[in-house]
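Peer 1: Chains as they are written, first to last, in the numbering used here: chain A, 58 to 228; chain B, 58 to 228.
One structure follows; several queries about it will come next.
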């Protein structure tokens, strides 16, 4: 049974709660998504597979932290059969996040599954569309846009209802 | 008089002409685009401004090459007044391109104007939409999608007419 395990990397700097970064990656298929992996019955645990996937996609800097079960924020039964997507968010220090950005271009999957790591635009520019509104109009894999928005809403970064508004576009 | 100077970085490896990479960046406004800069009347030359912009956006690895006037492929009068967009393409070795990817996260504009560097999906996956077709559905600044496609068409990487098809969507 295959279980995809996308994970968001979220950075909160406690000294300045308004400063928050989130990372996503441009995938091989031209869509934005989160790093993650698939579990099959040979794997020992969800967490092991997930952390191995992070090492492959983000490089050696991912060895400095570990995503554990308490970091899991949601689980969805996907549109495919026998697929459950578990979504985790992990807070990193600014140093850890910068190290991830630096090591990602040397990761095993760079240039294969992953075409590049990008920060998410969390702000809205004065023209009312540049920044987050336009960023969210890009192409995303699976439920990753909604997972991003749900998590940002839980953290108080985006207003309630934004995720639901995107979801209703596709109902 | 301000002149934007976007530039595409294209890599061709002579030993294998079918191996070609192109890089774009996720911009601060949530759109994909090319590195570049703006010229004003104080600047000494278009090329100097462009190469300084590359250093600021791509980091120290951009000092290993210089974009010159023969690399210029097109000039468009943009929609804004007094704006002319010059578009250049530069072939890099694989080593130069990898160095750019590594140095970009340490560039002056990283996390400000630039949220991350991504490779362009140039292939189409077996499902017929993953890869280049989906990548081209993302949000692009100005004429950057057409500039990318025109250049790839000149290099024989994409079929003739693809750029025109996208352009006609917006006429």
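Note that the Cβ used here is the ideal one computed from N, Cα and C, for glycine as well.
Excluding the five sequence neighbours on either side, which residues of its own chain have a C-beta within less than 7 Å of the C-beta of residue 121 (chain A), listed in chain order?
Peer 2: Answer for residue 121 (chain A): 153 and 156, listed in chain order.
Peer 1: Let me know the secondary structure DSSP gives residue 72 (chain B) once reduced to three states.
Peer 2: Interpretation of residue 72 (chain B) is limited by its pLDDT of 49, a score under 50 that renders its predicted location unreliable; the figure taken from the coordinates is listed afterwards. It is coil, neither helix nor strand.
Peer 1: So if I threshold CB-CB distances at 8 Å, which residues from the region 180 to 195 of chain B count as touching chain A?
Peer 2: Cβ contacts with chain A come from 182, 187, 188, 189, 190, 191, 192, 193, 194 and 195.
Peer 1: Have a look at the DSSP bridge pairing and note the partners of residue 157 (chain B).
Peer 2: DSSP lists no partner for residue 157 (chain B).
Peer 1: Assign residue 222 (chain A) to one of two classes, buried (16 or more other C-beta atoms within 10 Å of its C-beta) or exposed (fewer than that).
Peer 2: The residue in question, residue 222 (chain A), is exposed, as its Cβ has fewer than 16 Cβ neighbours within 10 Å.
Peer 1: Count Cβ pairs between the region 80 to 92 of chain A and the region 189 to 199 of chain A that sit closer than 8 Å; are there 3 or more?
Peer 2: In short, these stretches touch, since the Cβ pair count reaches three.
Peer 1: Identify each residue in the region 140 to 164 of chain B for which the Cβ-Cβ distance to at least one residue of chain E is less than 7 Å, and report them in chain order.
Peer 2: Here chain E cannot be found, since the structure's protein chains are A and B.
Peer 1: Give the DSSP bridge partners of residue 173 (chain A), in chain order.
Peer 2: Its beta-bridge partners are A:83.
Peer 1: Could you tell me the alpha carbon to alpha carbon distance between residue 108 (chain B) and residue 208 (chain B), rounded to whole angstroms?
Peer 2: C-alpha separation (whole angstroms): 20 Å.
Peer 1: Does residue 88 (chain A) get closer than 9 Å to chain B when you measure Cβ to Cβ?
Peer 2: Yes, its Cβ sits closer than 9 Å to a Cβ of chain B.
Peer 1: Any beta-carbon of chain B closer than 9 Å to the one on residue 243 (chain A)?
Peer 2: With chain A represented from 58 up to 228, any question about residue 243 (chain A) goes unanswered, as that position is not in the structure.
Peer 1: Kindly list the residues whose CB is nearer than 6 Å to the CB of residue 134 (chain B), restricted to its own chain and excluding five residues on each side of it in sequence; keep chain order.
Peer 2: Excluding sequence neighbours, residue 134 (chain B) sits near 141.
Peer 1: According to DSSP, is residue 118 (chain A) part of a helix, a strand, or is it coil?
Peer 2: If DSSP states are grouped into helix, strand and coil, residue 118 (chain A) belongs with the helices.
Peer 1: Just verifying my parser: in three-state terms, what is the DSSP assignment at residue 150 (chain B)?
Peer 2: Residue 150 (chain B): coil per DSSP, three-state reduction.
Peer 1: What first and last residue would you give for the alpha helix (DSSP H) that runs through residue 201 (chain B)?
Peer 2: Looking at the DSSP string, the run of the alpha helix (DSSP H) that includes residue 201 (chain B) is 201 to 211.
Peer 1: Can you round the beta-carbon distance between residue 201 (chain B) and residue 90 (chain B) to whole angstroms, since I take them to be within the 8 Å contact cut?
Peer 2: Rounded, the Cβ-Cβ distance is 5 Å, consistent with contact.
Peer 1: Check whether chain A comes within 9 Å of residue 112 (chain B), counting only Cβ atoms and requiring the distance to be less than that.
Peer 2: No, its Cβ sits nowhere closer than 9 Å to a Cβ of chain A.
Peer 1: Taking only beta-carbon positions, decide if residue 205 (chain B) is within less than 9 Å of chain A.
Peer 2: Taking Cβ atoms only, chain A never reaches closer than 9 Å to residue 205 (chain B), which makes this a no.
Peer 1: Rounded to the nearest angstrom, how far is the Cβ of residue 171 (chain B) from that of residue 80 (chain B), given a contact under 8 Å?
Peer 2: That pair is no contact at about 11 Å.
Peer 1: So if DSSP puts residue 179 (chain A) in a beta bridge, which residue, or which two residues, is it bridged to?
Peer 2: DSSP lists no partner for residue 179 (chain A).
Peer 1: Is the CB of residue 85 (chain A) under 9 Å away from at least one CB in chain B?
Peer 2: Closer than 9 Å: yes.
Peer 1: When burial is assigned at 16 or more other CB atoms within 10 Å of the CB, is residue 151 (chain A) buried or exposed?
Peer 2: Exposed, since its Cβ has fewer than 16 Cβ neighbours within 10 Å.
Peer 1: Shorter than 9 Å from the beta carbon of residue 219 (chain A) to some beta carbon of chain B?
Peer 2: Cβ-Cβ to chain B under 9 Å: no for residue 219 (chain A).
Peer 1: How would you list, in chain order, the residues of chain A whose beta-carbon sits under 9 Å from the beta-carbon of residue 242 (chain B)?
Peer 2: Since the first residue of chain B shown is 58 and the last is 228, residue 242 (chain B) is not available in this structure.
Peer 1: List the endpoints of the continuous alpha helix (DSSP H) containing residue 189 (chain A).
Peer 2: Here the alpha helix (DSSP H) through residue 189 (chain A) covers 189 to 192.
Peer 1: Does the beta carbon of residue 174 (chain B) come closer than 9 Å to any beta carbon on chain A?
Peer 2: Yes - at least one Cβ of chain A is within 9 Å of the one on residue 174 (chain B).
Peer 1: Just by C-beta distance, which residues in the region 116 to 136 of chain A are closer than 9 Å to chain B?
Peer 2: Going along the region 116 to 136 of chain A in chain order, one finds no residue with a Cβ nearer than 9 Å to chain B.
Peer 1: Residue 168 (chain A) touches chain B at which residues, Cβ-Cβ below 7 Å?
Peer 2: Those within 7 Å of residue 168 (chain A) in chain B are 176.
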